[in-house]
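Everything on this sheet refers to the single structure shown next.
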C-alpha cells in the first residue's frame, strides 16, 4: 500500500505485454500504511556482486542488519530473458507470476516456499490494481497461509486477530505476548482508500500491532518519507520480528524469502537505470 498517495501515479489496467511487464517488474506502486514512526536502519543495498553465489544463495541482494538468505534467482533470470509465459489457470501471459491467480511461473520447484508462524490476511480496496502490489508476492510464495480479500468481501475476524497499523495504542511486536496473536491483517491501499477499510466494522475494532521503524527501498517516488514501507517490506519485518521474539532473539533468515521477488525486481530496476 502506498502511504500518502501523492506523488505516485497509478497506471490503468491493461492486457498489453508492455504494460503488464511494467506492472510486474518496475512495479508495484504500493507502499504500506503499516510502516512505522522514525529512525531505523531498514534495508540497505548489498554491493557483494551479482548473480548466484556458492551454495545457491543470491549474492546480489538487499540486506538488512545481516545479509538476506535468499533462494537462487536463476529461475527469475530465465523468465526475464525468455518469452512471457501463460498462466496455467487463466491463460494470460505474465512475466514472473500471475497476479490474478497467484501462480508462480517457470519451474515451480525452484520457487521458494516460505512457511509462516501465523496466517496473514491482506485487504485490498477494489480501486487498487493487484498488478502493482508487492503484497501479492507473499500470496504467491505461501498460498496456504496468505489470503487476499477485496473490500467489501471481508471475513468476520475472531479473537486473536491483529491489524498491522501504527496507531497510538498499537503494541510493538517486540514487546507483546505472541500467544495472543493468532492472525495478522495488513491493509494494502493508498491512504485515501485505506480510510474506507479502516471504517469498516470488521476492521476498525481489531487491536493493532506495529513494527519497529525501517527505511524503504521502494523504487518509485513518494512524498511521504523513506520510512513508509512497501507492503511486502512491512510484512517481512513483521514476521522477522515475530520469529526473532519467538526464538528469544535468534533469527536465521527463516522468512527472508518473503523478499525473494522484491529483491530481484529491486536490483533489476537498479541495473536498468544506474
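Numbering (my numbering), first residue to last: 9 to 282.
Where is the CB? At the ideal position from N, CA and C, for every residue including glycine.
These figures come from a predicted structure and were not determined experimentally.
Check: Reduced DSSP secondary structure (H/G/I, E/B, other) of residue 61; Outcome: Here residue 61 scores only 36 on pLDDT, less than 50, and its place in the model is too uncertain to base an answer on.
Check: For residue 164 and residue 210, believed in contact at Cβ under 8 Å, the rounded distance; Outcome: 6 Å
Check: Enclosing alpha helix (DSSP H) for residue 207 [first to last residue]; Outcome: 199–207
Check: Same chain, Cβ closer than 6 Å to residue 261, neighbours up to 5 away in sequence not counted; Outcome: 77
Check: Beta-carbon proximity check, residue 243 vs residue 96, cutoff 8 Å; Outcome: no
Check: Nearest-angstrom Cα separation, counted from residue 247 out to residue 304; Outcome: Residue 304 is absent from the model: the chain starts at 9 and stops at 282.
Check: Proximity to residue 135 [Cα-Cα], best of 158, 127 and 277; Outcome: 158
Check: Length of the line joining the Cα atoms of residue 189 and residue 141; Outcome: 25 Å
Check: Closest by C-alpha distance to residue 198, when choosing among 220, 238, 219 and 218; Outcome: 238
Check: Per DSSP, cross-strand counterpart(s) of residue 106; Outcome: 111
Check: Length of the line joining the Cα atoms of residue 60 and residue 268; Outcome: Note that residue 60 has pLDDT 35, beneath the 50 cutoff, so the model's placement of it is unreliable and the number below is only indicative. Going from the Cα of residue 60 to the Cα of residue 268 covers about 13 Å.
Check: Rounded separation between residue 94 and residue 150 - CA only; Outcome: 21 Å
Check: Start and end residues, alpha helix (DSSP H) containing residue 170; Outcome: Here residue 170 belongs to no alpha helix (DSSP H); instead the beta strand (DSSP E) covers 169–172.
Check: Residue environment, residue 86, which counts as buried when at least 16 other CB atoms sit within 10 Å; Outcome: exposed
Check: Terminal residues of the beta strand (DSSP E) in which residue 175 lies; Outcome: Looking at the DSSP string, residue 175 is not in any beta strand (DSSP E), and its letter there is neither H nor E.
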